[in-house]
Amino acid sequence: MRSRRPDRGTGILLIPEFSHHSTQPAQDLHPGMSNQPSNGTRHIILGEERVFYDGYWIKSYKPPSDTLETKRRLIHALTRRLFNHVEHGINIPGSRLEEARAAYLSEDDAERKRVNGAMLAGALFNRAADIFTCLVDLQSAGVAIGPDNSLMRDCGQCLLDALELGKMVRHRGGDEGIDELWGEPFKAFSMTIEDFYDSRYLKIALTMRDIDRIAVVLKETFARSRLITEIDATIDDLADAAKRKCEILRTDPAIFDVWPAFVVAVERLGRITPLLPPDASAEATREAMEGVALLRDGTELIGYIVRARVPMPKSTHEFIERCRRFRLAFFGHPPSATGAETTSQPSTSCQGDLAEV
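Counting along the sequence shown from 1, when you hit position 81 you're at 171 in this note's numbering, and nothing is skipped either side.
Here it is, written out as structure tokens:
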């Protein structure tokens, strides 16, 4: 994918319109541009190399060397990251794969079978990681490992089976599953490290788009409220900090600035209270209570998206619909599409990175 990089000999490109974060959509940063750059375009912006994908300039990192050891560490990191974001109880050791498979196949109750399927998916992922560790050890001992090696095939099959079963697994918040996370270890196994890193940037762009959609709908929802007011700047701060967090690795020194900024933005939005008079009507009280709940849940959803660093389209769509119903109930807005609701749905792709676990 390096063919998409601009010629380094052109020197640093200075673009005054860029904000210091450069995670705003390109059309906001470059209002005079009639045509956006193509995906994969890279430029030096304010001293950092950034890559353009689906409307966003995202901080880019040099991928590590493409070796089995690198892939082993990457698959282990992605597997740990996966288990950090899904429901509890499914991190089954690879050594218990056959037990997990037997329990899944013998279960007749649909609800219990879903959970057994999630446990089997976890065991398959861990078995794949175990196999890859053995492959790296063999290679270190001087054994040549080719793509047609039987252990390589077994590892790939475990990851494919886990990917299929991953559809049964729910996010730790109890809502939708995150299919994107289940696909990452297999992509890391089957793609070059360089291509895998490049694929990550598209997913980050789509993640940023979901964050922007939630921010837009929150501002639109309370635009006519007399109880919850002057929150646009606070929402914008949260969205900016969230997008910045999405694009950096934990190994980046900027994490000591970026993570505190995100935490503070979350806390500030959480401290917003309605301007509810002592003699408020029942209707006003209900608006205040439901409005605070919307702000809390929207902030929580952004937090889920930021930590997983993948879009959550089902949860985002349901939250936007919930905001629409709130507006209809309290402000009489017609059921027309908002700026957030008309944002095109992003396509899917694989992703992951080595250090974010």
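A virtual CB, placed ideally from N, CA and C, is assigned to each residue, including glycine. Owing to the predicted nature of the structure, the values given are computational and were not obtained by experimental measurement.
Which residues in the same chain as residue i place their Cβ atom closer than 6 angstroms to its Cβ, once the five residues preceding and following it in sequence are excluded?
i: residue 117; result: Because residue 117 carries a pLDDT of 47, less than 50, the predicted location of this residue cannot be relied on, and the following value inherits that uncertainty. Around residue 117: no qualifying Cβ.
i: residue 245; result: 218, 221 and 222
i: residue 372; result: none
i: residue 381; result: 318
i: residue 397; result: none
i: residue 239; result: none
i: residue 124; result: For residue 124, the pLDDT reaches just 49, beneath the cut-off of 50, and the residue's location in the model is therefore unreliable, although a value from the coordinates is still provided. Cβ within range, chain order: n/a, list empty.
i: residue 109; result: No answer about residue 109 holds up, because its pLDDT of 40 lies below 50 and its placement is not dependable.
i: residue 153; result: 283, 284 and 287
At what residues does the alpha helix (DSSP H) containing residue i begin and finish?
i: residue 222; result: 200-230
i: residue 376; result: 372-398
i: residue 335; result: 322-337
i: residue 309; result: 283-311
i: residue 243; result: 240-255
i: residue 195; result: 187-196
Tell me which residues share the same chain as residue i and place their Cβ nearer than 8 angstroms to its Cβ, disregarding the 5 neighbours each side in the sequence.
i: residue 111; result: Summary for residue 111: the model assigns pLDDT 45, below 50, so the residue's position carries little reliability, and this model does not support an answer.
i: residue 386; result: 360
i: residue 172; result: 215, 271, 272, 274 and 275
i: residue 375; result: 366
i: residue 156; result: 282, 283 and 284
i: residue 401; result: 270, 293, 296, 297, 299, 300, 395 and 436
i: residue 158; result: 222, 225, 226, 229 and 235
i: residue 188; result: none
i: residue 139; result: 132, 133, 149 and 150
Among the options, which has the Cα closest to the Cα of residue i?
i: residue 144; options: 228, 187, 346 and 295; result: 295
i: residue 340; options: 373, 135, 134 and 151; result: 151
i: residue 354; options: 373, 324 and 366; result: 324
i: residue 422; options: 129, 311, 363 and 390; result: 311
i: residue 449; options: 195, 176, 230 and 233; result: The chain is shown only over 91 to 447; residue 449 falls outside these bounds and no answer can be derived.
i: residue 378; options: 153, 403, 314 and 351; result: 314
i: residue 165; options: 352, 257 and 225; result: 225
i: residue 450; options: 391, 190 and 280; result: Lying before the first or after the last residue shown, residue 450 is absent from the chain, which here runs from 91 to 447.
i: residue 358; options: 366, 345 and 389; result: 389
i: residue 209; options: 303, 186 and 126; result: 186
i: residue 194; options: 126, 168, 135 and 252; result: 252
i: residue 148; options: 180, 159, 229 and 132; result: 132
i: residue 184; options: 408, 248, 141 and 391; result: 248
i: residue 280; options: 250, 262 and 257; result: 250
i: residue 259; options: 338, 199 and 179; result: 179
i: residue 356; options: 344, 370, 326 and 342; result: 326
i: residue 362; options: 181, 137, 320 and 242; result: 320
So the beta strand (DSSP E) residue i belongs to, where does it begin and stop?
i: residue 407; result: Residue 407 -> not in any beta strand (DSSP E); alpha helix (DSSP H) instead, spanning 403-421.
i: residue 161; result: Residue 161 -> not in any beta strand (DSSP E); alpha helix (DSSP H) instead, spanning 158-175.
For residue i, which residues from the same chain have a beta carbon less than 7 angstroms from its beta carbon, with the 5 sequence-adjacent residues on both sides left out?
i: residue 197; result: 203 and 206
i: residue 399; result: 294, 297, 336 and 446
i: residue 425; result: Any reading at residue 425 is ruled out, since the residue's pLDDT is 49, under 50, leaving its predicted position unreliable.
i: residue 278; result: 161, 164, 165, 168, 286 and 442
i: residue 392; result: 301, 304, 328 and 332
Point to revise | 4 or more residues per run - each alpha helix (DSSP H) lying fully within the segment 340-365 | key: 345-360
Exercise for review: Answer yes if the segment 382-401 comes into contact with the segment 296-309, meaning at least three C-beta pairs across the two stretches below 8 angstroms, and no otherwise.
Suggested key: yes
Point to revise | Those runs of the alpha helix (DSSP H) which lie wholly inside the segment 119-148 and span at least 4 residues | key: none
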